[in-house]
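J.: This is the structure, below, for whatever I ask next.
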Amino acid sequence: MKIIFAFIITILLTHGCVIAQTSGIRGSTLSDKGEALPYAGIFIKTINASTSSNLDGRFEIKLAPGEYELIIQCLGYQTERKTIIVLNQWVDINILLNSTVYTLGEVQIKLNNEDPAYAIMRKAISMAKFYKYQIQEYSANSYIKGAARLSQIPWLMRKLMSDSDKKEIDTNKIFLIENISELNFKQPNIYKQKVIAGTSNMPFQIPIPIQFINGSFYEPMINGSVSPLSPRAFAYYSFKLEGSFYDGNYQINKIRVTPRSKGDNVFEGTIYIVDNLWCIQSLQLVTMQEGITTIVTQNYTEVQDKIWMPLIQIYTVYGTIYGFGFDLKYQASINNYRIKLNTTLQLPSEIIDEKTEKEKIKETTIIKSNNEKDIETLLKSEKKFTRKDMAKIMKLYEKSETKKEKEPEVVSNSTIEVDSMAYKKDSCYWIQQRTIPLTEKEVKSYERKDSLIKSISTQKHKMDSTVQSSTKMLLNSIQYKIDSTSKINWVYLNGSFNTVEGSVFKSHLVYTKKIKNKNILTIDPSIRYSMARNYFTGKGMASYIYGKDKTSGSIFLEGGKDINQFNANNPIGEGLNTIVAYWWGYNFMKIYEKEYYRFGLAQKISDQLYFKVNGEVSNRFMLSNSPTASPAFRSRRKYITPNSPINSEVSSTDFTTNKAFITQLSLKYYLGKKYDIRNGIKHEIQGSSPEITINYKKGWKDILNSNVDFDLIELGASYKYNIGIRGILNTKINFGDFINRNKMFFMDFQHFMGNRTILQPFDNKFRLLDYYKYSTSKYFAEGSVDFQPRKLLITQFILPRMAGLKEDLLFNYLYTPSSNNYIELSYGVDKIFRLFKFEIVTSYNNFHYQSMGFRIGLSTSLTSIFNQ
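The sequence shown begins at 126 in my numbering and counts up by one.
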């Protein structure tokens, strides 16, 4: 009886999914050759509803009974309009689209051999800011479907995989993600997305290309690439008119976009411009970034009179990373636009191109004033403007709008809110709400997971519950999650070698606790054992991060007994020193022992100004090499040097046991820093502003029995400047002077980040500089210029650029009383296999050649990740 009852309920529920909506229009979009047309847009203007055909050309749109006019668009095909009567059932139709017939006609006439496309693009570019600000705010509904597939697996990886792994990681398997959201936009840059429903069968997360979906080709840059409608477009692109056709009453111009120099961060393809309106009708553009290719396809529809908005957006992303090939495809259907226009802006009656329409210039309105009210009056009138004057008016308008903004430094403000029930929707919901039907392969993809749909949240819930009740074992550490707010990370063994301590074993425990208002408490005790000294040292630190974004700060207290390098910035890491000291006998790391207490405070005063102060009381002890701490091979012992750095300024760097009380005050100021706000949290846009630092360091004589007496003042500046897409320029300078140097020990000197190994550490600026030779207790100046051009030598060729290779030129400079003018020049190839960087470096002293060397390091992109 129970089985019969369950069967009846199942039939009723399944039938309910089907009968909940039994009327609408469905069918296929076909070319004039009878082939399926994917990604065709179907729009019903009267009810502001739309859908798109899938990869197989299938579509469906659920409608109440009534009469509807369908507008069917597909890139490269003539727009069709069909009137369909829907009764209380599905209407099945096949829609045939004819290939677009392009004409040139009168536009074949060229002035000074200039292609007519240039006049069209000049007008479109002059109107770009107008269309950027035309919509004051809008809301819409979106359906996004993403499909991911591994297209290639490295040969060695495949050989090592078991049969079950090969089945699980199949290059023919498609993983899907679906998302239904409410979108809201408000000028100047506020984006809100509320996820109503989401589902996926992916065992991993893939990013949705929100930079393109939220972005606009009316902006000068979109996701790091130069838009063809940028004011600088003519410097990066050539244009060709391939023909024109009519879409309803509008003439559409097809423009071929070709980069003047192919490579990263430029587009190639076609853009369709509406004549007289000079807005986008559709586009298909390809761009590349570090060897990853993205194809952007957008179809726009006239949702209101002379208001064109994107209806269908297709994004195809493919490439290879570390030997794994992948391709991702996203299909976004946006419908039900609710638009509020910017009443300040009225379409000009005509835009005149001064170069090709000189006879019409006398008919245009002349700008006589830059006054804000006069500009607004002009914008509200339907007048004729030259394209230069139109661009000027919109630039002035944008400037006045920026002044009105509460936070002009915020470039974008985006929020994603997920409905509590978003990932709990059942299959009935998706059958009803999915606006683009699944293909057969996509249905099978879901079936492979033993159900029609598996929600992301269910997977996450299972994962979280496992984490909360178990321990994660890593290579040399154990992570234990106590609850949702606290965790412990125990690094139980970390080994190294140096010629003072011999083999060293370290262990430390990190306890982290999240407190309300996003405050974080961290406690970090650690212990260190030296085999050669048969000696334990230990230290502990407690830190507390507090405050909201605008008032955030941190405090810390640290103390114990520890081993330190003379350069507190650790120019050579313990791991690298272990390799060169144990295997080759080069003990570059010079260390001493310190018994200390340290305290500090860091406070954000404003978005531009940061304040930091810290102090330390310490006893410092000289250490010597241990006779039992020897390299692996006896023959390498001759290369071991004393644990006393060699310095050009003093005859000996040895010191007696001493006490020191040292404080340091730092101010950091950003000039015009820009931010992105994501979910209420400000994120600095790297390289958006110069950084200025002022540092004052003092050694206090006789206070707390301190033996030191010195004062150091430093002034520094750095800036990462993007030269459009032509390259990136990193500059950094630092000046300093010990205005008082009555009593100092060698660890109190100013040290510089040198390197003597073939491996180049993350933070070391200098490549060939000795670690301590030019350390100084007097004055100094150092600087660097790192230029990464888009094209230099090997990147002149397209294949290296497609592989993601970058080249850079580096200039390093140091001046101290003993170094004279020390200079390094370097040429490097970066992102080799996306992992490594190789450099050839030469050094000069007082402008005379000194030495040459090679350096291998991690790619700069990985370096930035680790530094974060």
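For every residue, glycine included, the Cβ atom is placed at its ideal position computed from N, Cα and C.
Going by C-alpha distance, which of Y256, I315, A242 and I245 is nearest S264?
T.: Looking at the Cα atoms, I315 is the closest of the given residues.
J.: Compute the beta-carbon to beta-carbon distance between I299 and A272, rounded to the nearest angstrom, for a pair I have assumed lies under 8 angstroms.
T.: 5 angstroms
J.: State the start and end residues of the unbroken beta strand (DSSP E) segment that holds V616.
T.: S611 to N623
J.: From S224 to T445, what does the alpha carbon distance come to, in whole angstroms?
T.: 34 angstroms
J.: Could you tell me the boundaries of the alpha helix (DSSP H) in which V705 lies?
T.: E699 to W709
J.: Check whether the region 901–918 and the region 874–883 touch, using three or more Cβ-Cβ pairs below 8 angstroms as the test.
T.: yes
J.: Given 8 angstroms as the limit, is there contact between the region 854–869 and the region 665–685, that is, 3 or more CB pairs closer than that?
T.: no
J.: Please return the same chain residues whose Cβ sits closer than 8 angstroms to the Cβ of S580, not counting the five positions on each side in sequence.
T.: For S580, the predicted structure reports a pLDDT of 42, less than 50, and the residue's modelled location is therefore unreliable. A value from the coordinates is still provided. Result list for S580: G323, T324, S325, Y548, K549 and K550, in chain order.
J.: Checking the sheet assignment: what are the DSSP bridge partners for W215?
T.: For W215, which the question treats as bridged, DSSP gives the partners G149.
J.: So, helix, strand or coil for S177, using DSSP?
T.: strand
J.: Can you check DSSP and say which residues form a bridge with Y88?
T.: As displayed, the chain neither begins before 126 nor continues past 993, which places residue 88 out of reach and without an answer.
J.: Of all the CB atoms in chain C, is at least one closer than 9 angstroms to the CB of C553?
T.: The structure shown contains no chain C; it is built from a single protein chain.
J.: Using DSSP bridges, identify the partner residues of N644.
T.: I640
J.: Rounded to whole angstroms, what is the Cα-Cα separation between Q312 and L894?
T.: 52 angstroms
J.: Can you have a look at N390 and say buried or exposed, based on whether 16 or more other CB atoms are within 10 angstroms of its CB?
T.: buried
J.: Less than 7 angstroms between C-beta atoms, sequence neighbours within five positions excluded: which residues of the same chain meet that for T135?
T.: Confidence at T135 is low in this model, with a pLDDT of 45, below 50, so the placement of that residue is unreliable and no value is reported for it.
J.: State the Cα-Cα distance for the pair Q259 and M977, rounded to the nearest angstrom.
T.: 59 angstroms
J.: Quick one: what's got a C-beta closer than 6 angstroms to T941's C-beta in the same chain, skipping five residues either side?
T.: Y899, T901 and F905
J.: Rounded to whole angstroms, what's the CA-CA distance from L221 to E194? Just pull it up for me.
T.: 16 angstroms
J.: What are the residues that DSSP puts in a beta bridge with C994?
T.: Nothing about residue 994 can be read from this structure; the chain reaches only from 126 to 993.
J.: Count the other CB atoms, across all protein chains shown, that sit within 10 Å of the CB of V351; report buried if there are 16 or more and exposed otherwise.
T.: V351 should be labelled buried.
J.: Touch check for the region 951–965 and the region 979–986: three-plus C-beta pairs under 8 angstroms?
T.: These segments touch.
J.: Using C-beta distances below 8 angstroms, list every residue in its chain close to V320, excluding the 5 sequence neighbours before and after it, in chain order.
T.: N304, I305, S306, I541, E542, V543, D544 and A547
J.: Work out the CA separation of W215 and K931 for me, nearest whole Å.
T.: 56 angstroms
J.: If you draw a straight line from the alpha carbon of V568 to that of E185, how long is it in whole angstroms?
T.: 16 angstroms
J.: My guess is that I398 and N378 are in contact by the Cβ rule of under 8 angstroms, so how many angstroms apart are they, rounded?
T.: Right, the Cβ-Cβ distance comes to about 5 angstroms (below 8 angstroms), so this counts as a contact.
J.: Between which two residues does the beta strand (DSSP E) containing L894 stretch?
T.: Note, L894: premise wrong, no beta strand (DSSP E); not H, not E.
J.: Considering only residues of the same chain and omitting the five flanking positions on each side of H808, which have a CB-CB separation below 6 angstroms?
T.: D801
J.: If I follow the unbroken beta strand (DSSP E) through E964, where does it start and stop?
T.: F961 to N970
J.: Apart from the five residues just before and just after D911, which ones in its own chain have a Cβ nearer than 7 angstroms to its Cβ?
T.: The beta carbon of D911 is closer than 7 angstroms to those of N855, D933 and L935 in its chain, skipping five residues each way along the sequence.
J.: So is T147 buried or exposed if we call it buried at 16+ other beta carbons inside 10 Å?
T.: T147 should be labelled exposed.
J.: Can you name, in chain order, every residue of its own chain whose Cβ lies under 7 angstroms from the Cβ of R980, other than the five neighbours on each side?
T.: I883, Q885, R892, E964 and V966
J.: Between which residues of its own chain and K207 is the CB-CB distance below 8 angstroms, once the five residues before and five after are set aside?
T.: E194, L195, I197, I218 and I220
J.: Rounded to whole angstroms, what's the CA-CA distance from I848 to Q913? Just pull it up for me.
T.: 10 angstroms
J.: Along the chain, where does the beta strand (DSSP E) containing W555 start, and where does it finish?
T.: Per DSSP, W555 belongs to no beta strand (DSSP E); it is in the alpha helix (DSSP H), S552 to Q558.
J.: If you scan the region 445–475 from start to end, which runs of the beta strand (DSSP E) of 3 or more residues do you find wholly inside it?
T.: Runs of the beta strand (DSSP E) inside the region 445–475: 449–466.
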